[in-house]
Amino acid sequence: MAISSHLSRSNPRRIPNRNCSLFSSLLLTISASLLLITAAIFLLSGDLPSSRSPSSSYLGGGIHLLRRSLLAIRSDPLRARADLIRKQASDHAALAAAYASFARKLKLESSKQVRLFADLSRNFSLLLSSRGDLDLDDESSLVRFEGEVKDRIRAARSLISDAKDSFDNQLKIQKLKDTIFAANEQLSKAKKQGAFSSLIAAKSIPKSLHCLAMRLMEERIAHPDRYVDPPNPPPELEDPRLYHYAIFSDNVLAASVVVNSAVKNSREPWKHVFHVVTDRMNLGAMQVMFRLKDYAGAHIEVKAVEDYKFLNSSYVPVLRQLESANLQRFYFENKLENATKDTTNMKFRNPKYLSMLNHLRFYLPEMYPKLHRILFLDDDIVVQRDLTGLWKIDMDGKVNGAVETCFGSFHRYAQYMNFSHPLIKERFNPKACGWAYGMNFFDLDAWRKEKCTEQYHYWQNLNENRTLWKLGTLPPGLITFYSTTKPLDKSWHVLGLGYNPSISMEEISNAAVVHFNGNMKPWLDIGMNQFRHLWSKYVDYEMEFVRQCNFGA
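With the numbering used here as the guide, the letters of the sequence shown map in order to residues 1287 to 1839.
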């Protein structure tokens, strides 16, 4: 009453019924919220009524559903625990499978580690699949599941610990093997690239050499009358009593060095006859080179391979093969099957094997029918002493006098021919000693008697598909003169100055002929400096055309 009278006195105006209704509604809302919060706290505390009356059961069922809904809203600790156990089991199963895989790679089957790790991984997988429908309401089943997982984890860790030393050593060995393999791959690749680069450098024509050929050809065109061959060749060119040499080359400077060195080291140069054969393109340059100098009375014949009319594809098997589409594909088509597989075979794709100049050596009796003996010289040799002693050697009826190159297992017939072919295996000894082209003394009478050219044609026809030997002239030479070669003393012919830097100077100084076989020719920039002077001292630096082309003395 006091409050009412006080409100009446302080607010003489009467409160409207609408404001009272709003105030009552607000109080009811606050009260309901407080009741809901109190009920939630009670339910979460787990204290449920124990009354078994129907009303209590109904109330308990409702409370249980409400509790489950609220647990679903917040995180379920049993589910999180089960997920963590499953993750640990799955991780260890993967770890065991990885160790089993490594054990297989490292070939540890003998120690049974592959089987142990594989069984362990399988046990983890079976355990996970069998407990996929785990009842999360029953904490005891979760505890059993956790115990089984922990037992397997302990077994896995024990097995890994026992195998650690073995795996560490094997992994180190495997890593070392992988490193060695990678290094070998890089080395093989570098060797192939080096061999290819060396081949390009060796077979490319240097600018100075190209210049010399062009200058000489220019002289030939400017003054044709000076270089016309006489209508009747001098009789010395066919005189069998003189010393005859055959030089087949398209390198003007190299051929001149061979002749210069032979003439300067001969006792009676006027008794020596040099038969130089080149191709049609270099014929003019060769004619000028050998007409500009006297050569101390030595006789020099310069001809082109095309001048020998019998050398045609109907008679010469290699000419017919050079014209074949199969061989042209081998050289000119850039296909995987035509690519060289290693550095050894790379040299057989050298363009020189397409030149008939490389095969003329098998037709010496037909080219020089009136001669009895002739000395064949490559264009990358240097003569260091008089060679007339070769004509005094008793050939014992043999055709080819050559220096043998075999030592140990190297340079045997097995390295040059395909002894898996029945014809090769039947006719030749794989351990027979090989010999070298470069300086070969041929008895042409014995050649004709033994019919060596016919033998060469027979085997060359059989090798049209390159199944008996690779390209080149040494393998067919070894076959043609298999039983008709007379070994010469090694001092007559020392090889390797184009690839072997360890040849002793004593051996070189005692040699009658030194051979720059290999890619490092002395007229190239890649030639070995310690041997270059042996060749360069026979270059005609006083010749005007040589000086114009910047050949360094």
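Even for Gly, the Cβ is constructed at its ideal location relative to N, Cα and C. In this text, all values refer to a predicted model and were calculated from it rather than measured experimentally.
Leaving out the 5 sequence neighbours to the left and right, which residues in its chain are closer than 7 Å to R1606 when beta-carbon positions are compared?
A distance below 7 Å between beta-carbons, with the five flanking residues on each side excluded, links R1606 to the following residues of its chain, in chain order: S1599.
At which residue ranges does the stretch 1754 to 1813 contain complete beta strand (DSSP E) runs of 3 or more residues, listed in the order of the chain?
The stretch 1754 to 1813 contains these whole beta strand (DSSP E) runs: 1771 to 1773 and 1799 to 1801.
Could you spell out the range, first to last residue, of the beta strand (DSSP E) harbouring F1693?
Counting along the chain, F1693 falls outside any beta strand (DSSP E), and DSSP gives it neither H nor E.
So what's T1438 in DSSP terms, helix, strand or just coil?
In the sequence on display, residue 1438 carries Arg and not Thr. In the three-state reduction of the DSSP assignment, R1438 falls in the helix class, which pools H, G and I.
Simplified DSSP state of N1686, which is helix, strand or coil:
In the three-state DSSP reduction, N1686 falls in the strand class (E or B).
Whole-angstrom Cβ separation of D1665 and V1544, contact assumed at under 8 Å?
At roughly 6 Å, the Cβ-Cβ gap stays under 8 Å, so D1665 and V1544 are in contact.
Step through the CB atoms of chain D and report whether any lies within less than 8 Å of the CB of I1507.
Protein chains in the displayed structure number just one, and chain D is not present.
I1491, enclosing beta strand (DSSP E) - first and last residue
In the DSSP annotation of this structure, I1491 is not part of any beta strand (DSSP E), being labelled neither H nor E.
Hey, out of K1756, V1832 and D1811, whose CA is closest to S1490's CA?
Nearest of K1756, V1832 and D1811 to S1490, Cα basis: D1811.
Hey, how far is the Cα of P1526 from the Cα of K1656?
Each residue's CA atom was taken as its position, placing P1526 and K1656 some 7 Å apart.
Which residue marks the beginning of the beta strand (DSSP E) containing D1729, and which one marks its end?
Run containing D1729: M1725 to D1729, per the beta strand (DSSP E) assignment.
Are the stretch 1531 to 1550 and the stretch 1816 to 1831 touching, with three or more C-beta to C-beta distances below 8 Å?
As far as the Cβ criterion goes, the stretch 1531 to 1550 touches the stretch 1816 to 1831, which means the pair count is three or higher.
Near Q1374, which residues of its chain fall below 8 Å by C-beta distance, leaving aside the five closest residues on each side in sequence?
Once the five neighbours on either side are set aside, the close Cβ partners of Q1374 are V1435 and I1439.
Could you check what DSSP says for E1587 in three-state terms: helix, strand or coil?
If DSSP states are grouped into helix, strand and coil, E1587 belongs with the strands.
When the distance is taken between beta carbons, is V1588 closer than 8 Å to M1567?
The answer is no: Cβ separation not under 8 Å.
How far does the alpha helix (DSSP H) with Y1742 in it extend, from its first residue to its last?
Element bounds for Y1742: C1738 to L1748.
Helix, strand or coil for V1543 per DSSP?
Shown here, V1543 sits in a helix according to DSSP, grouped into three states.
I think N1796 touches F1728, with their Cβ atoms under 8 Å apart; what is that distance to the nearest whole Å?
So it is not a contact: roughly 24 Å between Cβ atoms.
Would the stretch 1729 to 1739 count as touching the stretch 1661 to 1676 if we require 3 or more Cβ pairs under 8 Å?
The stretch 1729 to 1739, when compared against the stretch 1661 to 1676, does not touch it at the 8 Å Cβ threshold.
C-beta atoms of L1445 and F1403 nearer than 8 Å
Against a cut-off of 8 Å, the Cβ pair of F1403 and L1445 comes out as a contact.
Could you give the uninterrupted runs of the alpha helix (DSSP H) lying entirely in the stretch 1639 to 1671, keeping only those of 4 residues or more?
If you keep only unbroken alpha helix (DSSP H) runs of at least 4 residues inside the stretch 1639 to 1671, you get 1650 to 1653.
What residue does the beta strand (DSSP E) around V1559 start on, and which one ends it?
First-last of the beta strand (DSSP E) with V1559: H1558 to T1564.
Spatial neighbours of Y1654 within its chain, please: CB distance less than 8 Å, with the 5 preceding and 5 following residues excluded, ordered by chain position.
Short of 8 Å from the beta carbon of Y1654, and not among the five residues preceding or following it, lie these beta carbons of its own chain, in chain order: E1524, H1530, A1532, H1561, I1660 and L1730.
Where do the ends of the alpha helix (DSSP H) carrying A1571 lie?
Membership of A1571 in the alpha helix (DSSP H) is indicated by the continuous run L1569 to R1577.
Using the three-state DSSP reduction, which class does F1534 fall into: helix, strand or coil?
If DSSP states are grouped into helix, strand and coil, F1534 belongs with the strands.
Coarse secondary structure for R1752, derived from DSSP in three states
R1752: coil per DSSP, three-state reduction.
Here's the rule: buried if 16 or more other CB atoms are within 10 angstroms of the residue's CB, otherwise exposed. What is M1500?
M1500 comes out exposed.
Report back the beta-carbon spacing between L1754 and N1704 to the nearest angstrom; my notes put them in contact at under 8 Å.
Confirmed, Cβ separation roughly 6 Å.
Could you check whether T1771 and K1684 sit closer than 8 Å to each other, using their CB atoms as the reference points?
Going by C-beta atoms, K1684 is nearer than 8 Å to T1771.
Count the other C-beta atoms from every protein chain shown that fall within 10 angstroms of the C-beta of L1412, then say buried if there are 16 or more, exposed otherwise.
Sixteen is the threshold: since fewer than 16 other Cβ atoms of the shown chains lie within 10 Å of the Cβ of L1412, the residue is exposed.
Drop a sphere of 10 angstroms on the beta-carbon of N1751, count the other beta-carbons inside from all chains shown, and report buried for 16 or more, exposed for fewer.
By the Cβ neighbour-count rule, N1751 is exposed, with fewer than 16 other Cβ atoms within 10 Å of its own.
Nearest to V1591 (by Cα), restricted to the options L1643, T1759 and S1483:
Of L1643, T1759 and S1483, the residue nearest in Cα terms is L1643.
Report yes if the CB atom of V1800 is closer than 8 Å to the CB atom of V1668, and no otherwise.
The answer is yes: Cβ separation under 8 Å.
Own chain residues within Cβ distance below 6 Å of R1577, not counting five before or after
Same-chain partners within the cutoff: Y1513.
Determine the extent of the alpha helix (DSSP H) in which Q1701 is found, giving its start and end residues.
Counting along the chain, Q1701 falls outside any alpha helix (DSSP H), and DSSP gives it neither H nor E.
Thinking just about the alpha-carbon of each residue, which of H1707, K1717 and L1709 is nearest to the one in F1693?
Of the candidates H1707, K1717 and L1709, K1717 places its Cα closest to the Cα of F1693.
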